[in-house]
Amino acid sequence: MSKHEHPLGISFEFFPPATEVGRDKLRHTRDALAKRQPRFFSVTYGAGGATQLRTADTVAMISESRINTAPHLSCIGSDKGELRELLVRYREWGIDSLVALRGDLPSGMGGAGELRYANELVEFIREETGNHFEIAVAAYPETHPQAASAAKDLDNFARKVKAGANLAITQYFFSADAYFHFVEQAQALGIEIPIVPGIMPITNYTKLARFSDACGAEIPRWIRKQLETYGDDSESIAAFGEEVVTRLCQRLLDGGAPGLHFYTLNQSAPVLRIVDHLGE
Ligand code: FAD
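Each residue of the sequence shown is one higher than the last, beginning at 65 in this note's numbering.
Right, here's the structure in full:
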């Protein structure tokens with residue numbers, strides 16, 4: 065980030081690995097990315113007991129790096145007692161940032177829990193812990209897939225800010241205009257917190273297409289068509305992805321984005337190739 069000294073800088077997101085091999089790999093990824101002095105690392109949180117324990121274990125491992133670590137916490141499917149316990153534990157560990165989400169219930173899993181939406185989780189965290197935590201929430205430049213309309217989704221985003229969020233991180237997108245439009249709309253509603261673009265490197269077309277369908281992120285036709293022509297040629301996919309995503313990041317920074325949050329998928333190389341191009 066040589067020429068781009070942004071107050072929020074860059075941050076990197078990991079998921080909790082399910083195996084020892086995955087944990088070892090993540091340790092290496094953590095160490096490679098820590099050298100770039102990110103503002104924070106974050107660790108995602110799954111719905112369901114086993115994956116939730118893995119988040120806490122992974123938070124402990126990631127915070128050994130001495131980089132500020134922000135656990136994600138989602139309210140759907142959890143009761144207040146479970147959430148309270150986690151807040152106490154994270155405070156004891158010296159954690160002071162969280163990413164607060166509603167989450168998604170895996171099909172077949174029971175009721176929604178006591179808190180239905182992320183704004184209620186932010187309120188709960190503030191009630192329980194005052195201003196101890198810096199709280200980030202999710203934002204959707206291309207609209208959350210379950211939202212009744214773009215305007216309603218924006219109102220719901222505003223509820224989270226009103227409840228006490230300090231920062232927003234967006235779902236990933238490939239259209240810089242969608243981001244700039246969203247930020248303008250949010251500012252028109254009086255929202256002043258930084259809205260940091262979430263960046264997804266492109267390394268595997270099949271996985272990206274599946275993810276994007278599920279979370280409502282649009283892969284522009286020209287990108288899809290180009291990726292389709294590469295078939296299984298992962299080198300060409302990586303080279304094209306690097307170019308497209310680097311250009312997107314540069315446009316976002318040049319247009320005033322207050323930092324970049326990378327969805328690393330626990331891999332350092334694709335993200336580092338992009339970060340190292342920025343400001344060239
Ligand atoms: P909300 O803000 O609650 O919004 C969910 C939907 O409900 C939206 O359509 C919104 O318009 C609507 N809505 C919101 N509030 C209200 C209200 N009060 N009344 C009526 N409607 C309302 N998922 C995980 O399981 N674990 C993770 O670690 C995780 N990390 C993420 C990190 C980022 C940066 C992002 C962008 C997403 C992440 N997700 C994660 C995915 C997220 O949980 C899903 O996108 C989920 O469907 C919505 O979560 P949310 O916090 O945005 O929900």
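Using N, Cα and C, we set each Cβ at its ideal position, and we do this for glycine too.
Of all alpha-carbon atoms in 155, 284, 162, 243, the one lying nearest the alpha-carbon of residue 315 is that of 243. Residue 263 has 326 as its beta-bridge partners, per DSSP. Taking 8 Å as the cut-off, the C-beta of residue 167 counts as close to a heavy atom of ligand 1. With the rule of 3 Cβ pairs closer than 8 Å, the stretch 247-258 counts as touching the stretch 229-237. Residue 77 has its Cβ nearer than 8 Å to a heavy atom of ligand 1.
Straight-line measurement puts the Cα of residue 223 at about 28 Å from the Cα of residue 102. Using a Cβ distance threshold of 9 Å, residue 183 and residue 226 count as a contacting pair.
Ranked by how close their Cα comes to the Cα of residue 128, the residues 177, 149, 104, 264 have 104 in first place. The nearest non-hydrogen atom of ligand 1 is 8 Å or more from the C-beta of residue 102. In this structure residue 163 does not touch residue 186 by the C-beta definition: roughly 11 Å separates them, more than the 8 Å allowed.
One thing to note: residue 282 has its Cβ no nearer than 9 Å to the Cβ of residue 326.
For the 9 Å CB-CB criterion, residue 165 and residue 330 do not form a contact. Between residue 161 and residue 195, the C-beta gap is not smaller than 9 Å, which leaves the two residues out of contact.
Residue pairing from DSSP places residue 163 in a beta bridge opposite 136, 200.
Annotated as distal: residue 324 and residue 266, with beta-carbon spacing of 9 Å or more. For the pair residue 334 and residue 306, the CB atoms are nearer than the 9 Å cut-off. Relative to ligand 1, the beta carbon of residue 183 is positioned inside 8 Å of a heavy atom.
At the C-beta level, residue 115 and residue 135 stay beyond 9 Å of one another. When secondary structure is reduced to three states using DSSP, residue 182 falls in the helix class.
Of all alpha-carbon atoms in 280, 74, 289, 269, the one lying nearest the alpha-carbon of residue 301 is that of 269. Considered as a whole, the stretch 204-269 harbours 231-236, 259-263 as its complete beta strand (DSSP E) runs of no fewer than 3 residues, in chain order. As computed with DSSP, residue 75 is found in a beta bridge with 104, 325. Across the structure, residue 97 and residue 336 are spaced so that their CA atoms are roughly 8 Å apart.
Of the candidates 126, 218, 203, 284, the residue whose Cα lies closest to the Cα of residue 239 is 284.
In the DSSP annotation of this structure, the continuous segment of the alpha helix (DSSP H) that includes residue 88 starts and ends at 84-98.
Its Cα nearest to that of residue 289, the residue 304 stands out among 304, 191, 241. In this structure, the beta-carbon distance from residue 280 to residue 208 falls below 9 Å. A direct Cα-Cα distance of roughly 47 Å separates residue 191 from residue 286.
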